[in-house]
Amino acid sequence: MEMNENSRRSFLKQIGAASALALTAANAEALPSSAIPPQAQQASPAPGQSSQAATRPARMAWWHQAKFGMFIHWGLYSVIGQHEWAKEVEGIPIPQYELLAKQFNPKPNAAREWARLAKRAGQKYMVMTTKHHEGFCHWDTTLTDYCAPKQGPGRDLVREFVDAARAEGLRVGFYYSLMDWHHPDGAICKTDEAARRRFVDYTHGLIRELMTNYGKIDVLWYDVSWPLTAAGWESERMNQMVFELQPDIIVNNRNGLEGDFATPEQRIQAADAGRAWETCMTLNDSWGFNRFDDAWKTPKTIVGNLATCARGGGNYLLNIGPEPDGSIPKESVTVLEAVGRWLETNGKAIYETERSSLEASVNAYYTRRGNTFYIHQQFWPGHTPAAEATGFFKPEAVIAIGGLKPKALAARLLKTGQSIPFTQDEFTFRLTELPLEAPDQPATVIEVECDGEPIIDHEAMRALWPRYRVGVS
Ligand code: GLC
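12 is the number of the first residue of the sequence shown in our numbering; add one for each residue after it.
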């Protein structure tokens with residue numbers, strides 16, 4: 012059956028909704044490990060708690076600082092160029108799908124371009140699909156011929172990726188899909204114990220290769236655990252092997268266990284305080300290359316999302332879906348370069364921040380570190396002639412925040428350090444003498460130092476506000 016654009020999109024949205032549900036269920040079992048006081052985190056694990064919890068703060072320190080990573084979805088589906096679920100969405104039989112393996116001929120060292128772009132974009136780590144649901148392995152494995160060195164590419168693409176990321180000083184992450192649409196036991200393993208045994212051995216074997224042959228790996232990013240449970244995958248044993256081979260690695264929660272961090276997908280939702288989390292998101296609506304998907308996000312949306320993640324103490328893993336030859340779609344390059352330019356002068360308002368309670372307003376996002384907060388003004392104020400006619404509103408741009416609790420001590424434009432005059436009373440904090448044009452794009456960041464932790468409390472202000480009589484005179 013032919014699928015038109017709309018039905019394809021709604022189908023994919025449903026798939027997304029289903030995996031989000033599965034995720035919520037996995038997260039519900041998660042132990043909020045960082046809710047545990049630091050002393051207790053150093054101690055030996057309590058019964059039932061994963062043995063990795065004790066080393067978690069040390070293993071995750073770099074990741075918390077990194078804040079921003081690049082996700083890369085690349086595989087045989089890129090050859091079709093219609094989303095990484097094409098095999099299922101379009102019902103492509105395995106023998107026909109396998110033919111794509113010979114057509115997959117990436118240019119040499121494509122990963123160098125990705126890594127250089129990630130670096131320019133201000134991303135600190137990269138996570139590449141080593142095997143997606145389609146089952147094709149990008150590395151030199153002894154366990155299947157369905158792998159890059161023995162098919163079209165004729166070489167180890169994981170090796171190229173690892174070398175490229177390291178050459179740019181970026182941390183290295185491997186995405187690995189447990190679900191496998193290609194392996195003969197990939198579905199029947201749910202009901203046939205002999206098949207499950209073979210498939211779990213195969214899976215653990217592949218992961219062992221990835222954890223053994225490429226030096227130090229920083230992140231293992233499991234995906235979709237269908238059709239088995241954590242017990243069926245032997246996920247405890249899987250993670251144990253991973254940590255034996257890579258003692259400093261961090262792992263996510265998609266093999267049915269808590270892992271080190273939660274993985275909200277295509278939405279920004281902070282986990283409970285103390286639990287690490289990372290939002291993964293596409294730059295258009297597809298993970299894998301989709302030549303027809305033109306729903307590109309703007310740099311403004313991306314820097315707003317980065318601020319929202321930082322505000323919640325989380326990371327942002329932003330995806331590119333390279334073309335079959337490894338080239339990055341030009342729209343992705345444009346957006347990521349704009350974000351990188353902005354981070355060059357505004358990075359402090361993202362990388363150096365911590366979780367905060369400051370909720371975004373209509374026109375701005377807020378991030379915080381200690382007693383300092385950052386106004387990420389997305390929509391710059393300007394002339395409002397009718398309001399100015401009242402005499403109260405001045406013919407200048409004013410950024411005002413009602414309900415700011417502590418006393419502001421200093422305000423400056425983060426990009427230049429130029430100080431900004433302000434007034435403050437019990438109701439409002441007003442930055443004045445601002446230029447009429449936004450000083451920076453896609454958002455202007457103003458750093459405000461306070462004499463206590465910044466809190467914006469509209470409700471308290473509402474109660475204190477002097478009110479006047481209501482009536483008709
Ligand atoms: C979902 C999709 C998959 C994508 C992943 C990224 O699980 O099935 O295609 O790789 O999300 O988080």
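The beta-carbon is built from N, C-alpha and C at its ideal position, and this holds for glycine as well.
In the DSSP annotation of this structure, the continuous segment of the alpha helix (DSSP H) that includes Lys311 starts and ends at 310-322. Between Pro392 and Val409, the C-beta gap is smaller than 8 angstroms, which places the two residues in contact. The region 103-111 makes no contact with the region 299-309, as fewer than three CB pairs between them are under 8 angstroms. If you draw a straight line from the Cα of Ala375 to the Cα of Ser297, it is about 28 angstroms long. Beta-bridge annotation (DSSP): Ala287 is paired with Phe272.
In the DSSP annotation of this structure, the continuous segment of the beta strand (DSSP E) that includes Met137 starts and ends at 136-142.
Here the C-alpha atom of Trp232 lies approximately 41 angstroms from the C-alpha atom of Lys416. Separation of the CB atoms of Leu354 and Ile361 is rounded to 7 angstroms, and the pair is thereby assigned contact status at 8 angstroms.
Contact annotation, Leu87 with Phe115: C-beta distance approximately 6 angstroms; criterion of less than 8 angstroms satisfied.
Judged by pairs of C-beta atoms under 8 angstroms, the region 91-99 does not touch the region 62-75, as fewer than three such pairs exist. For Cys148, the Cβ stays outside the 7 angstroms cut-off from all heavy atoms of the ligand GLC.
In the structure shown, Leu442 falls within a strand segment according to DSSP collapsed to helix, strand and coil. Of the heavy atoms belonging to the ligand GLC, at least one sits nearer than 7 angstroms to the Cβ of His84. Met252 is a Cβ neighbour of His215, given a cutoff of 8 angstroms. Taking a cut-off of 8 angstroms for Cβ pairs, the region 184-198 and the region 124-143 touch, as three or more such pairs fall below it.
Contact between Gly146 and His193 is confirmed by a C-beta separation of about 3 angstroms, below the 8 angstroms threshold. Ala122 and Ser89 have their C-alpha atoms some 15 angstroms from each other.
Taken through DSSP and simplified to helix, strand or coil, His387 comes out as strand.
Taking a C-beta distance under 8 angstroms as the contact criterion, Ser367 and Arg441 do not qualify as a contact pair. According to the DSSP assignment, Trp73 belongs to the alpha helix (DSSP H) that extends over 67-77. Secondary structure at Asp174: helix, using DSSP grouped into helix, strand and coil.
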